[in-house]
Amino acid sequence: MSVLVIGKFQGDTATFRKSLTDWADEFVKIAEEAKSAGALHHRFGVGEDYVVIMDEWESIEQFHQFFGNPELQAFIGSVGGTGAPEMIVSEAVASADQF
1 MSVLVIGKFQ GDTATFRKSL TDWADEFVKI AEEAKSAGAL HHRFGVGEDY
51 VVIMDEWESI EQFHQFFGNP ELQAFIGSVG GTGAPEMIVS EAVASADQF
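For the sequence shown, the tail end lands on 99 under the numbering used here, and the numbers increase by one without skipping.
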């Protein structure tokens with residue numbers, strides 16, 4: 001059973017957008033670490049004054065272990081994230097209309 005994790009981070013979206021280019025190698029490195037830790041899918045979204053992550057993980061325990069890394073938390077702050085994110089976690093289920 002996999003889990004879906006949606007997080008909403010308040011912050012400076014201009015800094016975040018710029019970091020996607022300026023820190024691209026670091027984002028790739030983190031993505032590889034996440035895959036090794038149990039991440040199946042990952043995507044960002046940007047709204048007004050917030051960034052959304054949409055992830056699928058093999059288990060919630062794997063996500064919590066990865067996300068709790070102090071170096072990752074520091075990186076989130078350096079790319080514009082402020083404060084603790086709002087998090088939604090749910091079991092991923094299959095459906096006929098899935099794509």
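Backbone N, C-alpha and C define an ideal beta-carbon position, used for all residues, glycine too.
Three-state secondary structure (DSSP) at Ser78? In this structure, Ser78 counts as helix in the three-state DSSP scheme.
Using 10 angstroms around the beta-carbon of Pro70, count the other beta-carbons present and answer buried if the total reaches 16, otherwise exposed. Pro70 comes out exposed.
Give every residue of the same chain whose Cβ lies closer than 6 Å to the Cβ of His41, excluding the five residues on either side of it in the sequence, and list them in chain order. Cβ within range, chain order: Glu56.
Go through the region 14-50 residue by residue and report every complete run of the alpha helix (DSSP H) that reaches 4 residues or more, in order. 24-37, all fully within the region 14-50.
Between the Cα of Phe66 and the Cα atoms of Ala24, Ser95, Ala94, Ala31, which residue gives the shortest distance? The option with the nearest alpha carbon to Phe66 is Ala31.
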